[in-house]
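Have a look at the structure below, then the notes.
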Amino acid sequence: MCLPLPETPRRRRCQMAHRFSFRWIKIAAIGAALALSALSAQAQFICGGHSDLVTGLAQAFQQKQIGYGVVGQSAIVEIYVSASGTWSMLVTDVQGRSCIFATGEGWEDTAIATKQGI
Numbered sequence: 567m568c569l570p571l572p573e574t575p576r577r578r579r580c581q582m583a584h585r586f587s588f589r590w591i592k593i594a595a596i597g598a599a600l601a602l603s604a605l606s607a608q609a610q611f612i613c614g615g616h617s618d619l620v621t622g623l624a625q626a627f628q629q630k631q632i633g634y635g636v637v638g639q640s641a642i643v644e645i646y647v648s649a650s651g652t653w654s655m656l657v658t659d660v661q662g663r664s665c666i667f668a669t670g671e672g673w674e675d676t677a678i679a680t681k682q683g684i
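Position 75, counted from 1, in the sequence shown is what the working numbering calls 641; the numbers after and before it change by one each time, with no gaps.
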């Protein structure tokens, strides 16, 4: 979180870092949404009903949602994480199709975004 007023060089660097970080997150989310819209029948994504996938992530990996974002008018991207560090990215398009787009290990929380800091 960036320092409150007054405007200082440190605060400006912090704000620039936040803008840079969120710009890359937005680019990645847009890429994920575009990839989801171009899925073929032979793609190796796990797709299904939203509630079924969320229940599966909770039961199999003890993952809970830590955040989500809207990708324009094309999709919603959700991130699910477990206490042990496993994570999954779930993408739901405007037709209601949900797919697990990416999974991994070693999730680390680096910062807490606040409305004031964004």
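C-beta atoms are modelled at their ideal positions from N, C-alpha and C, and glycine is treated no differently.
Practice problem: On a CA-only basis, which of Q628, I645, G622 is nearest F667? Give me that one, please. | Solution: Here the closest residue by C-alpha is I645.
- Name the DSSP bridge partner or partners of Q631? Y646
ask   = Do you know how far the Cα of A677 is from the Cα of L605?
value = Confidence at L605 is low in this model, with a pLDDT of 49, below 50, so the placement of that residue should be treated as unreliable; the coordinate-derived value is given next. Near 32 Å, if we compare the C-alpha coordinates of A677 and L605.
* Can you tell me the Cα-Cα spacing of T658 and W673, whole angstroms? -> T658 and W673: Cα-Cα distance of roughly 21 Å.
**Message:** Which same chain residues end up closer than 8 Å to W653 when comparing Cβ atoms and leaving out the 5 residues on each side of it in sequence?
**Reply:** Contacts found: Q629, I645, Y646, V647, T669, G670, E671, W673.
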